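Take 448 as the starting number for the sequence shown in our numbering and just add one per residue. For every residue, glycine included, the Cβ atom is placed at its ideal position computed from N, Cα and C. For clarity, every value in this text was computed on a predicted model and none was experimentally measured. Just below is one structure, and these are the notes that go with it.
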Amino acid sequence: MDAKRIGQKLRELRGVFRTQEEVATAVGIDRAMLSRYENGQQIPSDEVKLALAQYYGQTVGSIFFANE
């Protein structure tokens, strides 16, 4: 898994109309953790991957495994 690519995808999905705080609260993590994911510093746990995919209406594969 490429943490930088995943971070870029997460930033694109969040877009400009959602805050990190809004997304983090919705998926049950803190804003700092989401920031680390979006900056490619850390890869989410499987549980968080699933929560993010559900929040964005995507599959886990399309966010975290596409174009590996």
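In the displayed model, Arg-478 falls within a helix according to three-state DSSP.
DSSP, reduced to helix, strand and coil, places Gln-455 within a helical segment of the structure shown. Counting along the chain, no alpha helix (DSSP H) covers Gln-488, and no H or E run does either.
Nearest to Gly-475 by C-alpha distance, out of Gln-455, Ala-500, Phe-464, is Ala-500. The C-beta of Ala-471 has 16 or more other C-beta atoms within 10 Å across all chains shown, which makes the residue buried.
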